[in-house]
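Trainee: So the sequences go chain by chain: A and B.
The first sequence begins at 8 in the numbering used here and counts up one residue at a time.
The second sequence begins at 8 in the numbering used here and counts up one residue at a time.
The C-beta atom is built at its ideal place from N, Cα and C for all residues, glycine as well.
Structure incoming, see below.
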Amino acid sequence: MPSLNHFLLLSGVLFAIGTTGVFLRRNVITMLLSIEIMLNAVNLTFVAVGRTLGSVEGQIIAFFVMAVAAAEAAVGLAIVIQLFRQRETLNPDAFTSLKW
Amino acid sequence: MDVVLFYLFGAVTVGASLAVIGQRSPLRSVLWLIASFLGLSGLYVLLDSPFTAVTQIIVYAGAIMVLFLFVVMLVNRPREEALADHARNGLLAKGPRRSAAALAVAFLALVGWAIARTPERPIIAEAAVADHVSSVAQIGRELFTTHGFAFEVTSVLILVAMVGAVVLAKRVL
Numbered sequence: 008m009p010s011l012n013h014f015l016l017l018s019g020v021l022f023a024i025g026t027t028g029v030f031l032r033r034n035v036i037t038m039l040l041s042i043e044i045m046l047n048a049v050n051l052t053f054v055a056v057g058r059t060l061g062s063v064e065g066q067i068i069a070f071f072v073m074a075v076a077a078a079e080a081a082v083g084l085a086i087v088i089q090l091f092r093q094r095e096t097l098n099p100d101a102f103t104s105l106k107w
Numbered sequence: 008m009d010v011v012l013f014y015l016f017g018a019v020t021v022g023a024s025l026a027v028i029g030q031r032s033p034l035r036s037v038l039w040l041i042a043s044f045l046g047l048s049g050l051y052v053l054l055d056s057p058f059t060a061v062t063q064i065i066v067y068a069g070a071i072m073v074l075f076l077f078v079v080m081l082v083n084r085p086r087e088e089a090l091a092d093h094a095r096n097g098l099l100a101k102g103p104r105r106s107a108a109a110l111a112v113a114f115l116a117l118v119g120w121a122i123a124r125t126p127e128r129p130i131i132a133e134a135a136v137a138d139h140v141s142s143v144a145q146i147g148r149e150l151f152t153t154h155g156f157a158f159e160v161t162s163v164l165i166l167v168a169m170v171g172a173v174v175l176a177k178r179v180l
């Protein structure tokens, strides 16, 4: 059985990949996907730590994270559709009306 | 055996996640992310958490990713626009890409340093512990008693998100 540290390191790698994706890609949908990668990295941490402590609480938190991720995806994608209608693009550099 | 499986699923997850952020077509990104979720659910099975593994597949790969696919096909922008001039030269050129790469490396170094300092913590393979953790009945009992309030709040959150999505996606905002 791999130790907890293996799982934590894997989850750190996944989180770093997600962070990079948010900054690297210029497409709002791919940025949302990167956020999902980060949420999943955190989920893995919760489940691994819960398993190590011999408790189901980790899985319960992961369950709540999934519910929040579903809500976030629904609202986020609705915003993406609305932005696309306004500007005909998915490039976040085009949405600068709030910048000064 | 478990260690081999861990590295296998870990490689699938990390490789697929890299493929998600490594290319320009959002459609392929979504499909790669589903592959990444499959790897993750394998890891959950390794952690004696079959309930989370199945939820991962049904809710994430099944529901959320279909929502994403739906929007990707609705907006129909097969490729993201190429960057203008300066940031063309890959990760070492000045610009957001270099900052992103530096940030990721710094974060990984920090996490790696912290974990390297932590004493190795084995995961107890004892059958009683594994049974307790993998029991769906136990999860349900905890979820609806200890965490009952959080559960109800989550349902309100999802209701709000649903109303918000409907209002936002209306043609006239």
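#1: Quick one: is L105/A near chain B, going by C-beta distance under 8 Å?
#2: Compute the beta-carbon to beta-carbon distance between L15/A and R104/B, rounded to the nearest angstrom, for a pair I have assumed lies under 8 Å.
#3: Would you mind telling me which residues of chain A sit closer than 7 Å to V37/B, beta carbon to beta carbon, in chain order?
#4: For I146/B, decide whether its Cβ has a neighbour in chain A, counting only Cβ atoms nearer than 8 Å.
#5: On the DSSP letters alone, give me the boundaries of the alpha helix (DSSP H) that F13/B sits inside.
#6: S56/B versus chain A: which residues are under 7 Å apart at the beta carbon?
#7: For L39/A, does the three-state DSSP call read helix, strand or coil?
#8: Taking the alpha-carbon positions, what's the W120/B to V179/B distance?
#9: Please list the terminal residues of the continuous alpha helix (DSSP H) segment that includes T125/B.
#10: Taking 8 Å as the threshold (beta carbon to beta carbon), is V72/A in contact with chain B?
#11: Counting only beta-carbon atoms, is R94/A nearer than 8 Å to chain B?
#12: E64/A: which of S24/B, G147/B, L166/B, W39/B sits nearest, CA to CA?
#13: Taking just the CA atoms, how far does E159/B sit from V82/A?
Mentor: Reading off the structure:
#1: Within the first sequence, residue 105/A is the residue found at index 98, counting from 1. Not an interface residue.
#2: As a position in the first sequence, residue 15/A is number 8, starting the count at 1. As a position in the second sequence, residue 104/B is number 97, starting the count at 1. Incorrect: roughly 27 Å between the Cβ atoms, too far for contact.
#3: The residue labelled residue 37/B in the question sits at position 30 within the second sequence. Ordered by position in chain A, the residues that pass the 7 Å Cβ test against V37/B are L40.
#4: Along the second sequence, read from residue 1 onward, the residue named residue 146/B stands at position 139. Taking 8 Å as the threshold, the shortest C-beta distance from I146/B to chain A falls below it.
#5: As a position in the second sequence, residue 13/B is number 6, starting the count at 1. From DSSP, the alpha helix (DSSP H) with F13/B extends over 9-29.
#6: Reading the second sequence from its first residue, position 49 is the one you call residue 56/B. Under the 7 Å cutoff, chain A gives V54, R58, Q66.
#7: Sequence index remark: in the first sequence, residue 39/A carries index 32 (1-based). Note: L39/A maps to helix in three-state DSSP.
#8: Here the question's residue 120/B lines up with position 113 in the second sequence. Here the question's residue 179/B lines up with position 172 in the second sequence. Their Cα atoms are separated by approximately 51 Å.
#9: Indexing the second sequence from 1 puts residue 125/B at position 118. Run containing T125/B: none; DSSP gives neither H nor E here.
#10: Taking the first residue of the first sequence as 1, we reach residue 72/A at position 65. Chain B, which has no Cβ nearer than 8 Å to the Cβ of V72/A, makes this no.
#11: Here residue 94/A refers to the residue found at position 87 when the first sequence is read from its first residue. Not a single C-beta of chain B is nearer than 8 Å to the C-beta of R94/A.
#12: Here residue 64/A is taken as the residue at index 57 of the first sequence, counted from 1. Here the closest residue by C-alpha is G147/B.
#13: Counting from 1 along the first sequence, the entry for residue 82/A is found at position 75. Counting from 1 along the second sequence, the entry for residue 159/B is found at position 152. Taking the straight line from one Cα to the other gives about 20 Å.
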